[in-house]
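Peer 1:
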Amino acid sequence: ETGVTQTPRHLVMGMTNKKSLKCEQHLGHNAMYWYKQSAKKPLELMFVYNFKEQTENNSVPSRFSPECPNSSHLFLHLHTLQPEDSALYLCASSQGKPDPNSPLHFGNGTRLTVT
Amino acid sequence: AQKITQTQPGMFVQEKEAVTLDCTYDTSDPSYGLFWYKQPSSGEMIFLIYQGSYDQQNATEGRYSLNFQKARKSANLVISASQLGDSAMYFCAMRRGGGADGLTFGKGTHLIIQP
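For the record, the sequence lines run as chains A and B.
Residues 938 to 1052 in my numbering are what the first sequence spells out, letter by letter.
Residues 1276 to 1390 in my numbering are what the second sequence spells out, letter by letter.
Here is the structure:
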């Protein structure tokens, strides 16, 4: 069983819907991440949180809105998405500072389809 | 900016043979970490092995070893005695040192082990 749990596993939504992806880590980590994985592209880092504070936003469109209420939970709120946003969304966590080279531990991902 | 290059989109290998998956990287940071991940068809990203830029020895983890050649900026993954369960996508990734930044990933290599 993975230490990082993502729900739902699959999501189909229309372009006018609003939905949220949820991620929870049980590893006692301080940093959490959202990645997007599209076919034939490298994983794209979207957001990074350290101790609940957002430290990185890689020019992600505002239709993606992250929320990190505490070090164990991370959400990705979605609204008015486009078909090209269909992808596998992966959440990850790591020890973060002061151990910068700790590996990321990933969840199983949410497969999102925008119709 | 950091960049990871994996030049082998796909590989077919006979069971029990050794496999080398290529990875080259580009960074101007003096301190960085290199990671390899495995992604089976189920989608979960599984951490395999880590190498720090200042580590003198090549990293090893069971059947996995990392052939780190700093001057050539390469960090190839070697899998000894391949097994059918090794069939998956393999990603090389890098993080610059000093923080809890997200990892930069390559495009991956699809490894298929044949009986």
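Each residue gets a CB set at the ideal place from its N, CA and C atoms; glycine is no exception.
If we count the other Cβ atoms within 10 Å of its Cβ and call it buried at 16 or more, is B:LYS1291 buried or exposed?
Peer 2: Result: exposed.
Peer 1: Which residues in chain B sit within 8 Å of A:PRO1040, going by Cβ to Cβ distance?
Peer 2: Ordered by position in chain B, the residues that pass the 8 Å Cβ test against A:PRO1040 are PHE1310, PHE1322 and TYR1325.
Peer 1: Can you name the residues that DSSP bridges to B:VAL1288?
Peer 2: B:VAL1288 is bridged to B:ILE1388.
Peer 1: Could you check whether the stretch 971 to 984 of chain A touches the stretch 1017 to 1033 of chain A, counting it as contact only if at least three pairs of C-beta atoms, one from each stretch, sit closer than 8 Å?
Peer 2: With the cut-off at 8 Å, the stretch 971 to 984 of chain A and the stretch 1017 to 1033 of chain A touch.
Peer 1: Report the residue from A:LEU982, A:PHE1012, A:PRO1003 and A:LEU948 whose alpha carbon sits nearest the alpha carbon of A:THR1052.
Peer 2: Nearest C-alpha to A:THR1052: A:LEU948.
Peer 1: Helix, strand or coil for B:GLY1308? Go by DSSP, reduced to three states.
Peer 2: Three-state DSSP puts B:GLY1308 in a strand.
Peer 1: Use the C-beta contact count for A:HIS1042: other C-beta atoms within 10 angstroms, 16 or more gives buried, fewer gives exposed.
Peer 2: The residue is buried, with at least 16 neighbouring Cβ atoms inside 10 Å.
Peer 1: Can you tell which of B:ASN1342, B:ASP1301, B:THR1295 and B:LEU1359 has its C-alpha closest to the C-alpha of B:ILE1387?
Peer 2: Taking only the C-alpha atoms, the option nearest B:ILE1387 is B:LEU1359.
Peer 1: Could you check the C-alpha separation between A:LEU980 and B:ALA1368 for me, to the nearest Å?
Peer 2: Whole-angstrom Cα-Cα distance: 10 Å.
Peer 1: Relative to the alpha-carbon of A:LEU1011, which residue among A:LYS955, A:CYS960, A:PRO1040 and A:PRO945 has its alpha-carbon at the smallest distance?
Peer 2: Checked all of A:LYS955, A:CYS960, A:PRO1040 and A:PRO945; the closest Cα to A:LEU1011 is A:CYS960.
Peer 1: Measure the CB-CB distance between B:THR1379 and A:LEU982 and report whether it falls below 9 Å.
Peer 2: The answer is yes: Cβ separation under 9 Å.
Peer 1: Cβ of A:SER1007 less than 9 Å from any chain B Cβ?
Peer 2: Note that residue 1007 of chain A is Asn in the sequence shown here, rather than Ser. For A:ASN1007, the answer is no, since every Cβ of chain B falls outside 9 Å of its Cβ.
Peer 1: For my contact list, B:ILE1324 and B:ALA1334 are in at a C-beta cut-off of 8 Å; report their separation, rounded to the angstrom.
Peer 2: Correct: roughly 5 Å between the Cβ atoms.
Peer 1: A:LEU1025 CB to nearest chain B CB: under 9 Å?
Peer 2: By this cut-off, A:LEU1025 is an interface position.
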